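**Student:**
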Amino acid sequence: MSTDSDFYSFTVKDADLNDVSMADYKGKVVMIVNVASRCGFTKQYDEIQEVYNKYKDQGFEVLAFPCNQFGSQEPGTNEEICTFARTKFKVTFKIFDKINVNGSETIPLYNFLKKEGAGFLVDAVKWNFTKFLVSKSGKVLKRYAPNTSPKDMEDDIQKLLKE
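Following my numbering, the numbering of the sequence shown begins with 8 at its first residue and continues without gaps.
(1) How far does the beta strand (DSSP E) with Y32 in it extend, from its first residue to its last?
(2) Can you give me the C-alpha to C-alpha distance between F14 and F91, rounded to a whole angstrom?
(3) Please report the Cβ distance between D21 and D104, rounded to the nearest whole angstrom; I am assuming they are in contact, meaning their Cβ atoms lie under 8 Å.
(4) Do S156 and the ligand COA come close, with the Cβ less than 7 Å from some heavy atom?
(5) Rounded to whole angstroms, how far is the Cβ of N109 from the Cβ of A131, which I believe are closer than 8 Å?
(6) May I have the straight-line CA-CA distance separating N25 from V19, to the nearest angstrom?
(7) From the DSSP output, read off the bridge partner residues of K20.
(8) Using DSSP with H/G/I as helix, E/B as strand and the rest coil, what is V58?
(9) Counting only runs of 4+ residues fully inside the segment 59-118, write out the alpha helix (DSSP H) ranges in chain order.
(10) Are V27 and Q56 touching if we call contact CB-CB under 8 Å?
(11) Within a Cβ cutoff of 6 Å, which residues of the same chain sit near V58, ignoring the five residues on either side of it in sequence?
(12) In this structure, how does DSSP classify K169 when only helix, strand and coil are distinguished?
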């Protein structure tokens, strides 16, 4: 498979700027979400953590990518973002380097997600807390709107975990 069509070929930076290969998540169901600390949807951190706690021992992972492109709602440094999420919401899932999800500086992983999980705006992420669900085989199952509760994704998560 070519690099632009294989989820596992991408490498991204975590919040400490270490390289993380998506190949590390082979065989797992993955939720990828762009997050922000000052958004009306920020309270979803609680629900995402709840869903993560419920399924992490079954092979479910959450990858959170802070993004400041929507209303400048994520102005902090990686360290500030992680401290906020871990202190206020007790987040234990992985938080990555702050990124752009739209425009010319979009990281390649997000270009792939947007192409494979086309949504309402097709090639753009609409707002913070847009969620993508990736199967154990690296296929983008679906894109979920920012206002979709992570709990409303549980049926899809359960189906993918059984595959």
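All C-beta atoms, glycine included, are put in the ideal place defined by N, C-alpha and C.
From a predicted model like this one, the values you see are computed outputs, not experimental measurements.
**Tutor:** This is what the structure gives:
(1) Position 25 of the sequence shown, counted from the first residue, corresponds to residue 32. According to the DSSP assignment, Y32 belongs to no beta strand (DSSP E), since it is labelled neither H nor E.
(2) Position 7 of the sequence shown, counted from the first residue, corresponds to residue 14. Position 84 of the sequence shown, counted from the first residue, corresponds to residue 91. Taking the straight line joining both Cα atoms gives about 29 Å.
(3) Counting from 1 along the sequence shown, the entry for residue 21 is found at position 14. Counting from 1 along the sequence shown, the entry for residue 104 is found at position 97. Sure, about 6 Å apart at Cβ, within 8 Å.
(4) This structure lacks the ligand COA; in fact it carries no ligand of any kind.
(5) The sequence position of residue 109 within the sequence shown is 102, counting from 1. The sequence position of residue 131 within the sequence shown is 124, counting from 1. Their Cβ separation, rounded to whole angstroms, is 5 Å, which keeps N109 and A131 in contact under 8 Å.
(6) By 1-based counting over the sequence shown, the position of residue 25 is 18. By 1-based counting over the sequence shown, the position of residue 19 is 12. Taking the straight line joining both Cα atoms gives about 8 Å.
(7) On the sequence shown, residue 20 is found 13 positions in, with the first residue counted as 1. DSSP lists D26 as the beta-bridge partner residues of K20.
(8) Taking the sequence shown and counting its residues from 1, one reaches residue 58 at position 51. If DSSP states are grouped into helix, strand and coil, V58 belongs with the helices.
(9) Runs found: 85-95.
(10) Start at 1 with the first residue of the sequence shown, and residue 27 comes out as number 20. Start at 1 with the first residue of the sequence shown, and residue 56 comes out as number 49. Q56 is positioned such that its CB atom lies no closer than 8 Å to that of V27.
(11) Position 51 of the sequence shown, counted from the first residue, corresponds to residue 58. When the five nearest sequence neighbours on each side are left out, the beta carbons in the same chain lying within less than 6 Å of the beta carbon of V58 are those of P157, in order along the chain.
(12) Sequence index remark: in the sequence shown, residue 169 carries index 162 (1-based). Secondary structure of K169 (DSSP, three-state): helix.
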